[in-house]
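Worksheet: one structure, shown below.
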Amino acid sequence: MLCDRFIQADASNQKALRRSYRLTPPESFNFGFDVVDVLAGRTPDALALLHVDRNGQARRFTFQDIGNQSARIANLLSRMGLQKGEKVLLIMRRCHQYWPVNVALCKLGVVMVPATAQLSSHDISYRCNAASVKAIICANDPSIIASVEGALSDCPTVSSLILAGGSREGWLNLDEAAKQESPLFPRRTGAEDTLGCDPMLIYFTSGTTGFPKMAMHNFFYPLGHIATARYWHADKPGGLHFTISDTGWAKAGWGKIYGQWLCEAAVFVYDFDRFDPAKILELLQTYHIDNFCAPPTMYRMMAQNNLAASYDLSSLAHCCSAGEPLSPEVFSDWYRQTGTSIREGFGQSETTCCLAT
Numbered sequence: 082m083l084c085d086r087f088i089q090a091d092a093s094n095q096k097a098l099r100r101s102y103r104l105t106p107p108e109s110f111n112f113g114f115d116v117v118d119v120l121a122g123r124t125p126d127a128l129a130l131l132h133v134d135r136n137g138q139a140r141r142f143t144f145q146d147i148g149n150q151s152a153r154i155a156n157l158l159s160r161m162g163l164q165k166g167e168k169v170l171l172i173m174r175r176c177h178q179y180w181p182v183n184v185a186l187c188k189l190g191v192v193m194v195p196a197t198a199q200l201s202s203h204d205i206s207y208r209c210n211a212a213s214v215k216a217i218i219c220a221n222d223p224s225i226i227a228s229v230e231g232a233l234s235d236c237p238t239v240s241s242l243i244l245a246g247g248s249r250e251g252w253l254n255l256d257e258a259a260k261q262e263s264p265l266f267p268r269r270t271g272a273e274d275t276l277g278c279d280p281m282l283i284y285f286t287s288g289t290t291g292f293p294k295m296a297m298h299n300f301f302y303p304l305g306h307i308a309t310a311r312y313w314h315a316d317k318p319g320g321l322h323f324t325i326s327d328t329g330w331a332k333a334g335w336g337k338i339y340g341q342w343l344c345e346a347a348v349f350v351y352d353f354d355r356f357d358p359a360k361i362l363e364l365l366q367t368y369h370i371d372n373f374c375a376p377p378t379m380y381r382m383m384a385q386n387n388l389a390a391s392y393d394l395s396s397l398a399h400c401c402s403a404g405e406p407l408s409p410e411v412f413s414d415w416y417r418q419t420g421t422s423i424r425e426g427f428g429q430s431e432t433t434c435c436l437a438t
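Going by the working numbering, the first residue of the sequence shown is number 82, and it counts up by one from there.
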């Protein structure tokens, strides 16, 4: 696995692994160059992303596709004037453009600020002002667009609006503009290059007891998810991992990009509006997904569908859960019907996976 380049560990047993596990990255580690571009060069035709939209249309993206698209987007954003250390708010649901955009921002050294599609105009202006956001990139979703446009009068730092998957007056069409750019984006040098300790990502916490707070992560952050993906999710080269989360939540960092690609597994994405347990089960069966992660509530709803009689889930080797407590009843019901236990994980926006079963 590619992740072996960046760790030192004795995996002969669990005790030895805990005692010996160390990250050993280069000082200038950058996920875009040191993971995506390496895989694009080494296994260009390997599947990186299998995306199914809300109409059921499936699209496959290889590591070479992601590498080339991210370079085009990085060139575009650079030409627009975005610089290392500046902030970009992403409200992209689960649209396929999120993945090359994420990688492009890494390559540029621009700090990404993921946000969910549930935000109001007030929520958006709060985040833009707290983080001094320079640009907003969002999915072509009428409700998201309306919330963003409703916030702009209170967002003096925002100078660019970019739309993924469509056109609108006052917005740059990301897809069309990126086509005009070069698929090559060489690594920067000197002060423009990124160091592992430079800021890469800002999550906003849920704000359970007050206003949401910023949790900043540096460029070493993706490496923290080697443990998440390899030792909790049990992702492996050639596997297909499906985490339900919207890209605006920190859980997307856990299960939709970093650790999975470090383990050379592909990411499965379903861009849905409302959770439909029968549809998720159909996708698990149709695409032979071997690794799945969802909140306990979703497992409970899926388990009500007479799984053994209605679906072939024989490809499902590992199931994980996070986001809320997993009850013994849900665990037992799922195991009884599928033969696969649910492995529970715990962490926060400020961390990677801290505890897991």
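Glycine included, C-beta positions come from ideal geometry on N, C-alpha and C. For clarity, every value in this text was computed on a predicted model and none was experimentally measured.
Could you give the DSSP three-state label for residue i: helix, strand or coil?
| i | result |
| --- | --- |
| P195 | strand |
| M297 | strand |
| R141 | strand |
| A315 | coil |
| V348 | strand |
| K168 | strand |
| I154 | helix |
| L253 | strand |
| V214 | strand |
| Q341 | helix |
| C236 | coil |
| A92 | coil |
| C176 | coil |
| L83 | helix |
| S241 | strand |
Ends of the alpha helix (DSSP H) at residue i?
| i | result |
| --- | --- |
| E98 | Checking the sequence, you will find Leu at residue 98 rather than Glu. Taken as a continuous stretch (DSSP letters only), the alpha helix (DSSP H) holding L98 covers Q95 to S101. |
| P181 | Y179 to L189 |
| F323 | Taken as a continuous stretch (DSSP letters only), F323 belongs to no alpha helix (DSSP H), being part of the beta strand (DSSP E) at L321 to T324. |
| S228 | P223 to A232 |
| K332 | A331 to G336 |
| L130 | First-last for L130: L128 to V133, but that is the beta strand (DSSP E), not the alpha helix (DSSP H). |
| S413 | P409 to T419 |
| A121 | D118 to R123 |
| L304 | Y302 to I307 |
Considering just the uninterrupted stretch of the beta strand (DSSP E) at residue i, what are its terminal residues?
| i | result |
| --- | --- |
| E68 | Since the first residue of the chain shown is 82 and the last is 438, residue 68 is not available in this structure. |
| F285 | P280 to F285 |
| A437 | C434 to A437 |
| A272 | Looking at the DSSP string, A272 is not in any beta strand (DSSP E), and its letter there is neither H nor E. |
Report yes or no: is there a C-beta of chain D within less than 8 Å of the C-beta of residue i?
| i | result |
| --- | --- |
| T286 | In the structure shown, chain D does not exist; there is a single protein chain. |
Between residue i and residue j, which are expected to be in contact by the criterion C-beta below 8 Å, what is the C-beta distance as a whole number of angstroms?
| i | j | result |
| --- | --- | --- |
| P358 | M383 | 4 Å |
| Y368 | L321 | 7 Å |
| F142 | A129 | 5 Å |
In chain order, what are the residue ranges of uninterrupted alpha helix (DSSP H) at least 4 long that sit wholly in the region 363-404? 377-383 and 388-391
Should the region 152-164 be regarded as contacting the region 186-195, the criterion being three or more beta carbon pairs within less than 8 Å? yes
Determine contact between the region 177-186 and the region 135-151, defined as no fewer than three beta-carbon pairs at a distance below 8 Å. yes
With contact counted as at least three CB pairs below 8 Å, one residue from each stretch, are the region 208-217 and the region 298-309 in contact? no
Whether or not the region 393-401 and the region 415-427 are in contact is what I'm after, with contact meaning three or more pairs of Cβ atoms, one per stretch, closer than 8 Å; do they touch? yes
Would you be able to state if there are at least three C-beta pairs under 8 Å between the region 233-245 and the region 269-280? no
Between the region 343-353 and the region 167-179, do at least 3 Cβ pairs fall closer than 8 Å? yes
Three-pair Cβ contact test at 8 Å for the region 219-239 versus the region 157-172: yes
Pair every Cβ in the region 330-349 with every Cβ in the region 83-96, then say whether three or more of these pairs are closer than 8 Å. yes
Would you call the region 360-375 and the region 312-332 touching, i.e. three or more CB-CB distances under 8 Å? yes
Indicate whether the contact test is met: 3 or more Cβ pairs, each with one atom in the region 98-107 and one in the region 118-132, closer than 8 Å. no
Would you check if there are 3 or more beta carbon pairs closer than 8 Å linking the region 200-211 to the region 231-241? yes
Touch check for the region 156-167 and the region 260-267: three-plus C-beta pairs under 8 Å? yes
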